[in-house]
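Comments concern the structure below.
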Amino acid sequence: RQLVHRDFMHQENLPLDLRFRTRAFFEYGFFNSRDIPATVHELSASLRTEVALHLYQDLITAVPFFRDCGKDFLTEIILRLRPQTLSPGDYLYEAGEFGDSMYFLIKGSVEMILDERLGVFAELREGSYLGESCMLGLTDHRPQSVRATTWCSLFNLTMKSLEECITRFPEAQEHFRRLAMQATAEKALNRVVVPDLAALPPEEAALAVLSTPPVVTRALARSQSTEAPPPRGER
C-alpha cells in the first residue's frame with residue numbers, strides 16, 4: 001500500500017511539502033486504524049454483541065440518548081461506525097455546513113470555533129462526542145467549526161445509519177419516541193429530557209411530540225410502512 005501511495009504522489013508530481021503531509025496521513029492511518037474488524041461481522045449474534053460492547057459500549061453510552069438503549073441496538077450502532085482520521089489543522093467540519101452525522105473522538109483532541117473573530121471556545125479530547133445537534137434535528141447546519149489540534153482518530157455515525165437502526169428495533173423506537181429535546185443546541189449537549197407525555201397537559205404534550213428528532217420520526221414512519229399489510233387482492 002505504501003508503494004501505491006508513493007507512486008501516486010510521484011505520478012501527480014506533488015510538491016515535497018504536500019508529499020510529506022500525505023505520507024504522514026497514510027502512515028498515521030495505517031498504524032492507528034480503529035476500524036471495526038471485519039471478522040466481528042462473521043461471529044454468531046451473541047458473540048458479536050459481546051465483542052462489540054466490550055470494545056465500544058462506554059464510548060457510545062457516553063451520549064445521553066444512547067445510555068438506556070438495549071444491547072442489541074447498541075451493537076448495531078457500533079457495527080455501523082466508520083473510522084475517520086484527521087491530521088493537525090484539519091477541519092472536521094465548518095460552521096454553516098449541512099450536517100447529517102455525528103462523531104466519536106477515539107484519540108487526539110479538537111477545538112471548537114464559533115468564528116475566527118471570537119476564536120476557540122472549547123476543546124474536546126478522546127472519549128468526547130460531537131455533531132449530535134444536527135443528527136437530532138436541533139439544527140440543519142453546523143453551529144460551529146471543529147478543527148484538529150493533534151492527530152485524531154474518530155468514528156462517524158450517519159443519520160441514515162441511526163434511522164435504519166431505530167427502524168429495526170421496536171424497543172429503540174419506543175425509547176426514541178419518548179425523547180423530547182431541549183430548544184437549544186447548548187442544552188442538548190448536556191442533557192435530554194424524557195417527558196411523561198401522558199402526564200402533560202394537551203398543549204405541552206403536542207409541543208413535546210413536535211420536538212421529537214426528525215430522524216426518529218422518519219424511522220417510525222418506515223417501521224410502520226414495513227409492518228402495514230398489503231392491499232386487498234395482492235399476495
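In full-length UniProt numbering, the protein residues as written are 1 to 235.
Yeah, the Cβ is synthetic: ideal placement off N, Cα and C, and Gly gets one too.
Bear in mind that the values here come from a model prediction, so they are computed numbers and not experimental data.
Identify whether residue i lies in helix, strand or coil by the three-state DSSP scheme.
i: SER223; result: helix
i: ALA52; result: helix
i: LEU210; result: Bear in mind that a pLDDT of 42 at LEU210, under 50, signals an unreliable position, so the number given afterwards is only what the model happens to contain. Helix.
i: PHE98; result: strand
i: PHE121; result: strand
i: LEU92; result: strand
i: SER161; result: helix
i: ALA188; result: Because the pLDDT at ALA188 is just 44, under 50, the model does not fix this residue reliably, and the point stays unresolved.
i: VAL63; result: coil
i: LEU16; result: helix
i: ASP58; result: helix
Quick one: what's residue i bridged to in DSSP?
i: PHE104; result: TYR129, PHE155
i: ALA24; result: Paired residues: none, contrary to the question.
i: VAL110; result: LEU124, ALA148
i: HIS141; result: PHE98
Between the alpha carbons of residue i and residue j, how many angstroms are there, rounded?
i: ASP90; j: ARG147; result: 6 angstroms
i: CYS134; j: ASP100; result: 6 angstroms
i: LEU74; j: ASP17; result: 42 angstroms
i: GLU50; j: LEU92; result: 31 angstroms
i: THR150; j: GLN144; result: 19 angstroms
i: ALA219; j: PRO15; result: 47 angstroms
i: ALA45; j: LEU118; result: 49 angstroms
i: PHE121; j: SER128; result: 16 angstroms
i: ASN156; j: ARG177; result: 23 angstroms
i: SER87; j: GLU97; result: 20 angstroms
i: ARG222; j: ARG80; result: 19 angstroms
i: SER153; j: HIS41; result: 22 angstroms
i: GLU171; j: CYS165; result: 11 angstroms
i: GLY70; j: GLY131; result: 23 angstroms
i: LYS107; j: ALA62; result: 15 angstroms
Could you pull out every residue in the same chain whose Cβ sits closer than 8 angstroms to the Cβ of residue i, ignoring the five residues on either side in sequence?
i: ILE78; result: ILE36, ALA52, LEU53, LEU55, TYR56, GLN57, ILE60
i: SER225; result: none
i: ARG48; result: VAL40, HIS41, THR75, LEU79
In chain order, what residues of the same chain have a beta carbon less than 6 angstroms from the beta carbon of residue i, not counting five sequence neighbours either side?
i: VAL215; result: MET159, LEU162, GLU163
i: ALA95; result: ARG142, GLN144, SER145
i: ARG125; result: SER109
i: GLU204; result: Here GLU204 scores only 42 on pLDDT, less than 50, and its place in the model should not be relied on; the value that follows carries that caveat. Cβ within range, chain order: n/a, list empty.
Going by DSSP, what residue range makes up the beta strand (DSSP E) through residue i?
i: ARG147; result: 145-148
i: PRO83; result: 82-86
Quick check on residue i - is its C-beta less than 8 angstroms from some C-beta in chain C?
i: ARG23; result: Checking the listed chains, one finds no chain C in this structure; it contains a single protein chain.
For the alpha helix (DSSP H) containing residue i, list its first residue and its last residue.
i: PRO170; result: 170-177
i: GLN42; result: Checking the sequence, you will find Glu at residue 42 rather than Gln. That residue, GLU42, is in no alpha helix (DSSP H); it is neither H nor E in DSSP.
i: PRO76; result: The displayed chain sequence assigns Glu, not Pro, to residue 76. It spans 71-79 - the alpha helix (DSSP H) in which GLU76 sits, taken as one unbroken run.
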